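Inspection log for the structure reproduced underneath, given as C-alpha cells.
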Amino acid sequence: MAFRLERIVLRQIRMPLVHFFETSFSRTYERAIVLVEVISEGLSGWGEVTAGEHPFYNEEWTASIWPLLRDYVAPRILHHDFDGAGDVYGRTAHIRGHFMARGGLEAAVWDLESRRAGVPLARHIGGGARAQVPCGVSIGIQDSAAQLIEKIQTELHAGYQRIKIKIKPGWDIDIVRQVRHKFPNILLMADANSAYTLADAAHLKQLDEFNLMMIEQPLAHDDILDHAILQAKIETPICLDECIRTPHHAEQAIALHACRILNIKLGRLGGFHAAKRVHDFAQAHGIPVWCGGMLESGIGRAHNIALSTLPGFTLPGDVSASKRYWKRDIIAPGVEVSPQGVIDVPTAPGFGYELDLDYLKSITEREDVLP
Ligand code: OSB
Ligand code: MG
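Under my numbering, the sequence shown has 681 at position 175, and the numbering climbs by one with no breaks.
Here is the structure:
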C-alpha cells in the first residue's frame, strides 16, 4: 500500500520494573525505552525500540537510538514515497548494524499500514495462523536457588507453558540440577547470553542430563562457527539469539548446524521484513522458531504477539503478561495471559491494544518531532 510519512515523533519513556531482571551481562531495575510514532494522512503507527540501557546485549543502547533515527534514518524515510512497509528495511540498509533503532521505526510503519487497511497487524504481516499464542516466561538470575524455585512455582501456577532460566558461570549446572529435581516434567530451557567459550564445552555438556528443550546463545554474541563445534559435542539443542542479526546469518547457522532452534526478535533483526525472512527460511529447513522478548512495554509486546502468529512459531516464546514487568503498562488493559498459558491475539486494526496516552505522557522524559 503506497504511503508517504509526514512526521516522525520520538519519545523516551522511563518505567520501573516490578522486579529486577538479571542476565549474565547485567541487572536491570528500570527501563528507558524509545518509542517511535509515524504519521501519515492523519493516522499514526507506533513502534518500540528494543535496545537496553547499556551496550551489553549488543552495541545499541537507549542513548544511541535518538541520533541514529534523527540523523540517519528519518532523512531517508520522511517525505519519501514507499510502495509498502516492506520497502522500509531496504531504504536504511546502507546503515551498518543498529537494527533495533531501524526496526523500531520499521515496525511502526507496518502498524500504520495495517491501521490504514483496517486489519489486525497479525494479518497484515502475513500471520494470523493462530488465534492464540502459547506463552513461556524468562526468569532472571536470582539471589538464591530458593528464590528462583519460588518464582518458577508462581509462573507455573499462572499457567505458563515453558520456563526459561538465565545461566552464567557460577549459576548454571547446580542451579539447573536443583530446578530439574524440583520440577521433573516441565518444559525447561537455559539462556547464557554469551557467557561461555568453547573451552567450556565439557562443562556445558553436563547439562545434557537434564533434558532441557534447548540452551540459548551459550557462546560469543558474534560467533556462529564455535556454536557448530559445540553443537556436535552436546546433545542439548542449541538455540541462537544474539548472533542472528540478518537473514543471511540464519542461513549460515543452519548450513553449519550451529543450532537446531532459532529465537526471532523483531528488534535484533531490524523489523518485520527481516524477521519474516528468517521465519520463512527456518520453516523451509525444518527449524522451529519462537519469539524472544526484550522487556518490552505494551507496544513492543503487542508487536511480538502479532509476529508469533506466523505459522513457524511453534514453540512458546518469551511473550508474557504486562503485569510481570509493569505496575501500569502504556496500553490499557495490558497484555493478559490465560490460566492455560496463552494470549488471545487481538482482532482490532493495528497492533490491537489501546494506548494509555495520559500515562504515556506522564512518563515521557524526552520528545522530538522530526523534522
Ligand atoms: O536474551 O532473551 C534474552 C531480556 C533482555 C535482554 C536479552 C534477553 C532478555 C530476556 C527477557 O530473556 C525476555 C522477556 O522480555 O521476558
Ligand atoms: Mg536470549
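Yeah, the Cβ is synthetic: ideal placement off N, Cα and C, and Gly gets one too. Computed from a predicted model, the values in this text were never measured in an experiment.
- Inter-residue Cα distance where the pair is I730 and G609: 23 Å
- Note the first and the last residue of the continuous alpha helix (DSSP H) segment covering G551. Segment 549-554 is the beta strand (DSSP E) holding G551; no alpha helix (DSSP H) there.
- Task: Express the C-alpha separation of G799 and A764 in angstroms, rounding to a whole number.
- Result: 22 Å
- Query: Using DSSP with H/G/I as helix, E/B as strand and the rest coil, what is H754?
  - Reply: helix
- Query: CB of N717 to nearest heavy atom of ligand 2: below 7 Å?
  - Reply: no
- Item | Proximal residues to V579 (C-beta, below 8 Å), its chain only, five neighbours per side dropped | T598, I601, A607, R608, L611
- Helix, strand or coil for T534 per DSSP? strand
- Item | Beta carbon nearer than 7 Å to a non-hydrogen atom of ligand 2 | D697, N699, E722, Q723, D747, E748, N769, G798
- Task: Could you name the residues of the same chain whose beta carbon sits closer than 6 Å to that of H733, not counting the 5 residues immediately before and after it, in chain order?
- Result: L725, I744, A764
- Item | Beta bridge counterpart(s) of P724 as assigned by DSSP | The partner list for P724 (beta bridge, DSSP) is empty, contrary to what the question assumes.
- Message: Are the CB atoms of T568 and K672 within a distance shorter than 8 Å?
- Response: no
- Item | Opening and closing residue of the alpha helix (DSSP H) in which I583 lies | 580-583
- Item | Buried versus exposed call for Y859 [16 or more other C-beta atoms within 10 Å across all chains shown] | When all chains shown are included, Y859 counts as buried.
- Roughly how many angstroms separate the alpha carbons of A808 and P839, rounded to a whole number? 12 Å
- Residue from S868, L861, R872, Y865 with nearest C-alpha to G553: L861
- heavy atom of ligand 1 below 7 Å from Y563 C-beta: yes
- Message: Spatial neighbours of E871 within its chain, please: C-beta separation below 6 Å, excluding the five flanking residues on both sides.
- Response: Q518, R520
- Counting Cβ pairs closer than 8 Å, one from the segment 750-758 and one from the segment 533-546, do we hit at least three? no
- Query: Quick one: Cα of G856 to Cα of R621, how far?
  - Reply: 5 Å
- Query: Based on the DSSP output, what are the partners of C745 in its beta bridges?
  - Reply: C745 pairs with E722, I767.
- Query: Given a threshold of 16 other Cβ atoms within 10 Å of its Cβ, counted over all protein chains shown, does P626 qualify as buried or as exposed?
  - Reply: buried
- beta strand (DSSP E) segment containing L516, residue limits: 513-528
- Are A614 and V685 closer than 8 Å when you measure CB to CB? no
- Task: Mind checking who E873 pairs with in its DSSP beta bridge?
- Result: R517
- Message: Quick check: E565 and G603, are their CB atoms within less than 8 Å of each other?
- Response: The Cβ atoms of E565 and G603 sit closer than 8 Å to each other.
- Quick one, which of R636, H687, C797 has its alpha-carbon nearest I465's? Lying before the first or after the last residue shown, residue 465 is absent from the chain, which here runs from 507 to 877.
- Message: In the DSSP output, which residue or residues are listed as bridge partners for E543?
- Response: V515, W552
- Can you check the segment 796-871 for any alpha helix (DSSP H) of at least 4 residues that lies completely inside it and give the ranges in chain order? 804-813, 863-868
- If we count the other Cβ atoms within 10 Å of its Cβ and call it buried at 16 or more, is S844 buried or exposed? It is exposed - the Cβ of S844 has fewer than 16 other Cβ atoms within 10 Å.
- Message: For a test of your reading of the model: does the CB of D824 fall under 7 Å from any non-hydrogen atom of ligand 1? Yes or no.
- Response: yes
- Message: Please give me, in chain order, every unbroken run of the beta strand (DSSP E) with length at least 3 that falls completely inside the segment 677-720.
- Response: Counting only runs of 3 or more, we get 693-697.
- Compute the Euclidean distance between the alpha carbons of L693 and L768, then round it to the nearest angstrom. 17 Å
- Item | Test item: CB-CB of W832 and V540 under 8 Å | no
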